[in-house]
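Counting from 81, one number per residue, gives the positions in the sequence shown under our numbering.
Here a beta-carbon is modelled for each residue, glycine too, at the ideal position from N, C-alpha and C.
To keep things clear, I will list the structure first and then write my remarks on it.
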Amino acid sequence: MDSVNLKKKFNHVMTMQRNLKEHLALFQEGSEELIKYYHIKCSIIQQLEACKELLVGIYEIAIRTGTDVDNSRLLKVYQFFYRNASDIQHHLQHIDIPRGSAAIWGIVILIAIVYLWATV
């Protein structure tokens, strides 16, 4: 290989090496950003789970005290089930449910909820 081609080849390889180093630096910055975003995402998920638990507690207190926290009529339905849970459970235990009729009972319970919601 003559000196001109050798020099061209050397410059080409050096340019490729420089470009690859720049790309590698970008990927390293990107991976650090990804790790940072992953940690932020994990933190947000933990906060979301804590909010859900807090909302469940708030709804439970609202049902006990009769406070309509979200301005929905479902509070009365929740209160009905909360106050009559033992009676409902007692009555449901005495019902003989044939196999394969779970969908029918789902519809019956849904109709009961809609009825309670409409009458309250």
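Self-check item: Collapsed DSSP secondary structure at V149 in the structure displayed
Solution: coil
Quiz item: So, are the CB atoms of R144 and Y162 less than 9 Å apart?
Solution: yes
Quiz item: Roughly how many angstroms lie between the CA atoms of E113 and L106, to the nearest whole one?
Solution: 10 Å
Quiz item: In whole angstroms, what separates the C-alpha of F160 from that of S111?
Solution: 53 Å
Self-check item: Nearest-angstrom Cα separation, counted from A130 out to H171
Solution: 35 Å
Quiz prompt | Inter-residue Cα distance where the pair is H92 and H103 | solution = 16 Å
Quiz item: Given D148, which residues of its chain have a CB within under 6 Å of its CB, disregarding the five upstream and five downstream residues?
Solution: L155
Quiz item: Is DSSP giving N85 helix, strand or coil here?
Solution: helix
Quiz item: When the distance is taken between beta carbons, is V157 closer than 9 Å to I191?
Solution: no
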